[in-house]
Structures are given as structure tokens and as C-alpha cells.
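What follows is a short report on a single structure.
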Amino acid sequence: MKLNMILGKKQIVLASLVLVLGAAIYLNYTFSQTGQPYDITAANAGVSGEEKETYGEAQLTGAEAENAEDYFAEARLERKKSRDEAVETLATTLQNAELTDEEKELATAKALEVSRQMESETNIETLVKAKGFEDCLAMVSDDSVKVMVKTEGLSAEQAAQIKNIILEETDILAENVSVSEVAG
Numbered sequence: 033m034k035l036n037m038i039l040g041k042k043q044i045v046l047a048s049l050v051l052v053l054g055a056a057i058y059l060n061y062t063f064s065q066t067g068q069p070y071d072i073t074a075a076n077a078g079v080s081g082e083e084k085e086t087y088g089e090a091q092l093t094g095a096e097a098e099n100a101e102d103y104f105a106e107a108r109l110e111r112k113k114s115r116d117e118a119v120e121t122l123a124t125t126l127q128n129a130e131l132t133d134e135e136k137e138l139a140t141a142k143a144l145e146v147s148r149q150m151e152s153e154t155n156i157e158t159l160v161k162a163k164g165f166e167d168c169l170a171m172v173s174d175d176s177v178k179v180m181v182k183t184e185g186l187s188a189e190q191a192a193q194i195k196n197i198i199l200e201e202t203d204i205l206a207e208n209v210s211v212s213e214v215a216g
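Under this note's numbering, the first residue of the sequence shown is numbered 33, with each subsequent residue one higher.
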């Protein structure tokens, strides 16, 4: 009887985590719905200027795209595809009956981390756009954050504001944050 109750609790917790992850995916999809795809290869532009380790002096990077709208659209689509694949893999892993409790805990922790990253990306994009930028794309990973902003000239002050938003929304170290400009 006691074994039955313990298994029931674990199953309820697991189902709750899957539902929370599903809700996060749905919200991320809903908030990022602009009908524009995403190209992850264009997001890795080189850093221009010196790398600074001091807070407030953001790393400015630049990316040139023929059409900024296409860049942001492709980037969002690619990000959505990769997140959907990750979530599907985690869901499949969690449904595997042969997993040990430790493996299930690790998969659940990874699912929660993916959910947090998606929420952070949405929050960063919303806050940056609220600062007056036309478009923004944030990519949060375990140890870094990359933000691409559509603008015609990003000042150091604006980059510092964006970096401040990122540091408030994530636990990423300042030296692992990059802000890129995509000419509009």
C-alpha cells in the first residue's frame, strides 16, 4: 500500500512537470508568433571591439543581413525547431520505463532548465523591445546569452541597458553575454 502511494506521488509530480513544460512551450510559441523564421548560423557574428570584463561595457557585435526581417524570422523558426526537438527528446526520455530514478530526475531537471531558458528569452525580448528597439531575438543557453537587436547604430549606452536586462533576467556571468546589432 505504501509503495503504491509513493509511486502515485512520483507520477503526479512527473505529470505536473510535463504540463508546466508544455505550458511554457505554448506560451513561448504564442509570444514569439510573428510569422518570421530563424537562421541560427547568422547569429554567430564576430565580436567587434575589445572584450571587456567590466559591468556596463557591453560587447558590441555586428551582423549584416540582406533583410533584417528575414533574419529575425528565420532565427525564431530555427530556435523554435531546436527547442521542440529538445522537448520531444526529454518527453520520450521521461516516458521510458527502464530509467532509474536518478536518470528521471536528471531529465526532469533538464526539462525545467529548457523551460526557464524559454521564459528568459521571451522576457528579455519583451523588455528590450520596450526600450524602443524595433525587433530583438534572445538565445539563452546553459552558460551564455546572445541578443540580436534590429537597429541602425547601437550605442554603448544602449548595449549596456540591454546587458543589464539580460543580467537581471538570467544567472549568466557578464562576460558570457553578447549583444549584436542587425542593421535594419
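By construction, the Cβ of each residue, glycine as well, lies at the ideal position given by its N, Cα and C atoms. As the structure is a computational prediction, the values presented were derived from the model and not from experiment.
Within 8 Å, strictly: CB atoms of residue i and residue j
i, j, result
"residue 194", "residue 177", "no"
"residue 182", "residue 165", "yes"
"residue 209", "residue 103", "no"
Reference residue i, options the options, closest by Cα
i, options, result
"residue 51", "112, 122, 128 and 109", "122"
"residue 120", "46, 129, 57 and 163", "57"
"residue 174", "45, 148 and 211", "148"
"residue 101", "188, 169 and 186", "169"
"residue 191", "172, 203 and 163", "163"
"residue 172", "111, 55 and 45", "111"
"residue 144", "189, 115 and 40", "115"
"residue 187", "55, 205, 212 and 203", "212"
"residue 64", "161, 99 and 44", "161"
Where residue i falls, given that 16 or more other Cβ within 10 Å makes a residue buried
i, result
"residue 156", "buried"
"residue 48", "exposed"
"residue 201", "buried"
"residue 203", "exposed"
"residue 20", "Residue 20 cannot be examined here, being either before or after the span of the chain that is shown, 33 to 216."
Rounded straight-line distance, which links the Cα of residue j to that of residue i
i, j, result
"residue 84", "residue 207", "Because the pLDDT of residue 84 is 39, which lies under 50, any placement of that residue in the model is unreliable, and the number read from its coordinates should be weighed accordingly. Roughly 7 Å separates the two Cα atoms."
"residue 62", "residue 153", "13 Å"
"residue 74", "residue 42", "Residue confidence is low: residue 74 scores 43 on pLDDT, short of 50, so the model does not pin down where it sits. Its coordinate-derived value is still stated next. Their backbone Cα atoms lie some 42 Å apart in a straight line."
"residue 128", "residue 185", "50 Å"
"residue 132", "residue 46", "14 Å"
"residue 189", "residue 137", "42 Å"
"residue 99", "residue 53", "33 Å"
"residue 124", "residue 205", "32 Å"
"residue 113", "residue 167", "20 Å"
Nearest-angstrom Cβ-Cβ length linking residue i and residue j, presumed shorter than 8 Å
i, j, result
"residue 60", "residue 180", "At roughly 17 Å, the Cβ-Cβ gap does not stay under 8 Å, so residue 60 and residue 180 are not in contact."
"residue 126", "residue 139", "5 Å"
"residue 146", "residue 118", "6 Å"
Test: residue i CB closer than 8 Å to a CB of chain D
i, result
"residue 178", "The chain inventory of the structure shown lacks chain D, comprising one protein chain alone."
Residue i CB to nearest heavy atom of the ligand MN below 7 Å
i, result
"residue 144", "The model on display carries no ligand, and the ligand MN is accordingly not part of it."
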